[in-house]
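**Q** Residue numbers (our numbering): 10 to 172. Got a structure for you, questions after.
Given below as structure tokens:
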């Protein structure tokens, strides 16, 4: 399911919501344990898992961007900076599994926004697929499909909100 885009006084929020048929602890480990994190977002590594701790993004050119952990309540909330923006994961026990909500708080919409949203969409798909014990096939093709979709979602949203 595609992210829902909303606007407020400080910018935009892209909200992803998934119901995952796995215990909250397994989903939490995918978000916070480096061995699991590497399976779905190999550029990220958690250096210090605590509020005000650090997550590093490997830029693949020998440099790293440090992202500050803004909020942490295991196993329910993980929020950190994402460049000039913020990413927040919220987990809630739900029936046989859990509800995962991921919000990306955007200061503005840029040409890179559809890329980010398509990337997060695929990442969430990969998490669920791996937890189901399956292999995620053709991530680039799937990303390209979602990239086109998010370009259209953003274009339509911006047209609608300018009226």
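No residue lacks a Cβ here, since even glycine has one placed at the ideal position from N, Cα and C.
Would you tell me roughly how many angstroms separate the C-alpha atoms of residue 25 and residue 71, rounded to the nearest one?
**A** 31 Å
**Q** Hey, how far is the Cα of residue 162 from the Cα of residue 91?
**A** 21 Å
**Q** From the DSSP secondary-structure annotation, give me the bridge partner or partners of residue 77.
**A** 63
**Q** Below 8 Å CB to CB, which residues in the same chain sit around residue 59 once its five sequence neighbours on both sides are set aside?
**A** Cβ within range, chain order: 78 and 81.
**Q** Could you please give the first and the last residue of the uninterrupted beta strand (DSSP E) stretch that includes residue 88?
**A** Here the beta strand (DSSP E) through residue 88 covers 86-91.
**Q** Cα-Cα, which of 38, 69 and 45 is closest to residue 83?
**A** 38
**Q** Taking contact to mean 3 or more Cβ pairs, one atom from each stretch, closer than 8 Å, check whether the stretch 16-33 and the stretch 47-59 are in contact.
**A** At 8 Å Cβ cutoff, the stretches do not touch.
**Q** When you compare the CB positions of residue 115 and residue 98, do they come within less than 7 Å of one another, or not?
**A** no
**Q** Nearest to residue 127 by alpha carbon, out of 145, 120 and 153?
**A** 153
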